[in-house]
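Residues 19 to 124, numbered by my numbering, are exactly what the sequence shown covers, in order. C-beta: ideal position from N, C-alpha, C; glycine also. What follows is one structure encoded as C-alpha cells, with my remarks underneath.
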Amino acid sequence: MGEEILLALSTFPDIETAQRIARQLVTENFAACANIIPTIESIYRWKEKIETSAETLVFFKVSKDRQSSFQEKLRSLHPYEVPEIVFFPVAGGLPEYLRWVVDSCR
C-alpha cells in the first residue's frame, strides 16, 4: 500500500466537546475514525504555572495526504488556545483496514 496512515491525538476539555468535534471530522472525511477515551488526568505547564485537569483524549485515524487539512480543521474547531495535535505514523496493519482509512479520508 503506497499511502501512509497516521494516528493523531488530541485532548479536549470534556466528552461532549470531543464527541461533537470528532463526529464533525469523521462526517466531513477529515478522519476515518475517532476513538474517545472519556477521562484522563493531565498535568502540564501553562503560562509558567503547573496545571492539573481532567480531559478527554481522542485518537483519530487519518491518511497522510489529509494531515494538513485535518490539522487546520481541528484547530479551527478546538476550544483550546493551543490544542494538542500530534501525529504518529502507523508502521503497518491489516491491509484492508489501512485501505479503509485512506478511502474514508477522501
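query                                                                                                 : result
Continuous beta strand (DSSP E) assignments of at least 3 residues falling wholly in the region 23-56 : 23-30
Local conformation of Lys-82 per DSSP, three classes                                                  : helix
Element boundaries [alpha helix (DSSP H), containing Pro-113]                                         : 113-122
Rounded straight-line distance, which links the Cα of Glu-114 to that of Pro-97                       : 34 Å
Where Glu-73 falls, given that 16 or more other Cβ within 10 Å makes a residue buried                 : buried
Cβ-Cβ separation, Val-80 to Ala-50 (assumed contact under 8 Å), whole Å                               : 7 Å
Nearest-angstrom beta carbon gap, Glu-22 and Pro-107 [assumed within contact, 8 Å]                    : 6 Å
Lys-65 in three-state terms, based on DSSP                                                            : coil
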